[in-house]
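Novice: Numbering follows numbering that gives the first Met the number 0, in which position 26 of the sequence shown is assigned residue number 25; successive positions increment by one, without gaps.
For glycine and all other residues, C-beta sits at the position ideal for the given N, C-alpha and C.
Below you'll find the structure I mean.
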Amino acid sequence: MVLPHHRQRQRGNDTLVTPVTPITPSPSSQNAANSNNQLVLAYEQPKLSISRRLGYEIVTLVVGKDPTTEPFAVHKNILRDVGGVFAKMCEESPSGSKILLPEEDPEVIKLLIDYAYSDELPMVSVHSNEGERGVELRRLVQFYALVEKFNVNYEIRNKVMDNIQNGFYIVGKLPEGPLIQAVYDHSTSESKLRKFCAVSMVYLLHDPYYVQDGIIPSLINGNDDLMVDFLEAVRLYKHRQDPRIRHWRS
Numbered sequence: 000m001v002l003p004h005h006r007q008r009q010r011g012n013d014t015l016v017t018p019v020t021p022i023t024p025s026p027s028s029q030n031a032a033n034s035n036n037q038l039v040l041a042y043e044q045p046k047l048s049i050s051r052r053l054g055y056e057i058v059t060l061v062v063g064k065d066p067t068t069e070p071f072a073v074h075k076n077i078l079r080d081v082g083g084v085f086a087k088m089c090e091e092s093p094s095g096s097k098i099l100l101p102e103e104d105p106e107v108i109k110l111l112i113d114y115a116y117s118d119e120l121p122m123v124s125v126h127s128n129e130g131e132r133g134v135e136l137r138r139l140v141q142f143y144a145l146v147e148k149f150n151v152n153y154e155i156r157n158k159v160m161d162n163i164q165n166g167f168y169i170v171g172k173l174p175e176g177p178l179i180q181a182v183y184d185h186s187t188s189e190s191k192l193r194k195f196c197a198v199s200m201v202y203l204l205h206d207p208y209y210v211q212d213g214i215i216p217s218l219i220n221g222n223d224d225l226m227v228d229f230l231e232a233v234r235l236y237k238h239r240q241d242p243r244i245r246h247w248r249s
């Protein structure tokens with residue numbers, strides 16, 4: 000119950016007390032405020048609990064060939080989220096199924112699983128020594144080949160490609176002959192990694208310290224796809240634009 004306030008008014012020697020009606024929010028204004036609060040809350044995306052995000056269905060990835068296969072138990076929800084072929088595998092495989100990946104490297108599959116659970120991608124660390132950086136960069140390239148082969152979400156592929164460019168910049172190198180050949184042997188014609196290799200070759204040729212050792216001509220002569228990508232990179236080349244630096248900033 001809201002008690003009314005009183006205002007005192009002087010008239011001669013007498014004091015008159017005049018009742019004043021208190022102002023209280025109307026039911027309609029309170030309802031409007033509550034409605035606005037509910038509207039704001041409705042637009043907030045609820046966070047899934049860990050148990051709901053993971054789910055209860057599990058599949059086992061059996062990676063490699065006998066006798067050195069390695070099993071990885073993975074939640075279907077987590078694997079499905081990376082998209083592409085893995086999402087299709089999850090749709091077609093009931094919980095408890097085994098998915099065979101005989102052609103894949105267990106160490107590279109581990110990178111995918113780590114990302115699926117933690118959202119953290121591999122990278123070349125500035126704190127690693129030279130030998131460690133070489134291993135990290137090689138794993139990154141292998142990881143990109145995997146996510147491209149299985150057509151995982153485009154955003155993931157882009158982030159891995161960014162880390163590859165950063166990695167080559169950190170080690171102070173560009174893709175070399177054996178790596179370029181391996182990339183073209185294990186990727187499709189639309190591979191961003193192929194384009195990066197071709198552009199890197201053109202950039203290297205324009206380096207004032209480049210020494211002609213016959214490697215680039217032999218690579219081009221032995222691979223028609225590389226020849227096409229190389230000529231396109233020559234056509235689009237702009238002076239000293241380092242392919243390791245994104246957005247083509249020199």
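Under three-state DSSP, which class holds leucine 235?
Specialist: One-based indexing of the sequence shown puts residue 235 at position 236. Three-state result, leucine 235: helix.
Novice: Per DSSP, which one or two residues make a beta bridge with threonine 59?
Specialist: Here residue 59 refers to the residue found at position 60 when the sequence shown is read from its first residue. Ala72 and Lys97.
Novice: Out of Asp212, Asp206 and Val182, which one is the CA nearest neighbour of aspartate 228?
Specialist: Position 229 of the sequence shown, counting from 1, holds the residue named residue 228. Closest option to aspartate 228, Cα to Cα, is Val182.
Novice: Hey, quick one: how far does the alpha helix (DSSP H) through aspartate 184 stretch, first residue to last?
Specialist: In the sequence shown, residue 184 corresponds to position 185, counting from 1. Element bounds for aspartate 184: 176-184.
Novice: Using CA atoms only, rank isn't needed, just tell me which of Glu154, Gly176 and Val140 is closest to phenylalanine 167.
Specialist: As a working note, residue 167 is residue 168 in the sequence shown. Comparing Cα-Cα distances from phenylalanine 167 to each of Glu154, Gly176 and Val140, the minimum goes to Val140.
Novice: Shortest alpha-carbon distance to aspartate 223 belongs to which of Arg245, Asp104 and Thr187?
Specialist: Position 224 of the sequence shown, counting from 1, holds the residue named residue 223. Nearest of Arg245, Asp104 and Thr187 to aspartate 223, Cα basis: Thr187.
Novice: If we count the other Cβ atoms within 10 Å of its Cβ and call it buried at 16 or more, is asparagine 162 buried or exposed?
Specialist: Counting from one through the sequence shown, the residue named residue 162 turns up at place 163. Buried: at least 16 other Cβ atoms inside 10 Å.
Novice: Would you mind sorting alanine 197 into buried or exposed? The rule is 16 or more other CB atoms within 10 Å of its CB.
Specialist: In the sequence shown, counting from the first residue as 1, residue 197 sits at position 198. Alanine 197 comes out buried.
Novice: Assess contact between the segment 93-105 and the segment 116-126, defined as three or more Cβ pairs (one per stretch) separated by less than 8 Å. Is contact present?
Specialist: Judged by Cβ distances under 8 Å, the segment 93-105 makes no contact with the segment 116-126, as fewer than three pairs qualify.
Novice: Quick check: the Cα distance between glutamine 240 and tyrosine 202, rounded to an integer number of angstroms?
Specialist: Mapped onto the sequence shown, residue 240 falls at position 241. Mapped onto the sequence shown, residue 202 falls at position 203. Answer to the nearest angstrom: the Cα atoms are 7 Å apart.
Novice: How many Å lie between glycine 221 and methionine 200 at the Cα?
Specialist: Your numbering for residue 221 matches position 222 in the sequence shown. Your numbering for residue 200 matches position 201 in the sequence shown. Cα to Cα, the separation comes out at about 15 Å.
Novice: Which class does aspartate 161 belong to by DSSP, given the choice of helix, strand or coil?
Specialist: For the purposes of this step, residue 161 is taken as the residue at position 162 of the sequence shown. Reduced to three states, the DSSP call for aspartate 161 is helix.
Novice: Please classify glutamate 131 as buried or exposed, where buried requires at least 16 neighbouring CB atoms within 10 angstroms.
Specialist: Residue mapping note: residue 131 aligns to position 132 of the sequence shown, counting from 1. Exposed is the call here.
Novice: For leucine 235, does the count of other Cβ atoms within 10 angstroms reach 16, so buried, or fall short, so exposed?
Specialist: As a position in the sequence shown, residue 235 is number 236, starting the count at 1. Looking at its Cβ environment, which holds fewer than 16 other Cβ atoms inside 10 Å, leucine 235 is exposed.
Novice: The alpha helix (DSSP H) that contains tyrosine 114, what's its start and end?
Specialist: Translated into the one-based positions of the sequence shown, residue 114 becomes position 115. Looking at the DSSP string, the run of the alpha helix (DSSP H) that includes tyrosine 114 is 105-117.
Novice: Measuring only the C-alpha atoms, how far is methionine 226 from proline 242?
Specialist: Numbered from its first residue, the sequence shown carries residue 226 at position 227. Numbered from its first residue, the sequence shown carries residue 242 at position 243. Between methionine 226 and proline 242, the C-alpha separation is close to 18 Å.
Novice: Mind checking whether lysine 148 and histidine 185 have CB atoms under 9 Å apart?
Specialist: Numbered from 1 along the sequence shown, position 149 holds the residue referred to as residue 148. Numbered from 1 along the sequence shown, position 186 holds the residue referred to as residue 185. Contact flag set, yes.
Novice: Does DSSP put serine 188 in a helix, in a strand, or in coil?
Specialist: As a working note, residue 188 is residue 189 in the sequence shown. It is coil, neither helix nor strand.
Novice: As a quick exercise: from Leu110, Leu136, Leu178 and Leu53, pick the residue whose alpha carbon is nearest that of valine 146.
Specialist: Counting from 1 along the sequence shown, the entry for residue 146 is found at position 147. Among Leu110, Leu136, Leu178 and Leu53, the Cα nearest to that of valine 146 is on Leu110.
Novice: With a 10 Å radius around its C-beta and 16 neighbouring C-beta atoms as the bar for buried, classify isoleucine 155 as buried or exposed.
Specialist: Counted from its first residue, the sequence shown places residue 155 at position 156. Buried, by the Cβ-count rule.
Novice: With H, G and I counted as helix, E and B as strand and the rest as coil, what does DSSP make of serine 92?
Specialist: Translated into the one-based positions of the sequence shown, residue 92 becomes position 93. Coil at serine 92, not helix or strand.
Novice: Starting from the C-beta of lysine 191, find all residues in its chain whose C-beta is less than 6 Å away, skip the five residues before and the five after it, and write them out in chain order.
Specialist: On the sequence shown, position 192 is the one that residue 191 refers to. Correct list, in chain order: Met160.
Novice: Give the single residue among Asn165, Gly95 and Ser117 whose Cα lies nearest to the Cα of valine 58.
Specialist: Taking the sequence shown and counting its residues from 1, one reaches residue 58 at position 59. For the residues Asn165, Gly95 and Ser117, the minimum Cα distance to valine 58 belongs to Gly95.
Novice: Going by C-alpha distance, which of Tyr208, Gly133, Ser217 and Glu90 is nearest isoleucine 77?
Specialist: What you label residue 77 is simply residue 78 of the sequence shown in a count that begins at 1. The shortest C-alpha separation from isoleucine 77 is found at Glu90.
Novice: Could you check what DSSP says for asparagine 220 in three-state terms: helix, strand or coil?
Specialist: Here the question's residue 220 lines up with position 221 in the sequence shown. Asparagine 220: helix per DSSP, three-state reduction.
Novice: The alpha helix (DSSP H) with glutamine 141 in it runs from where to where?
Specialist: Numbered from 1 along the sequence shown, position 142 holds the residue referred to as residue 141. First-last of the alpha helix (DSSP H) with glutamine 141: 129-148.
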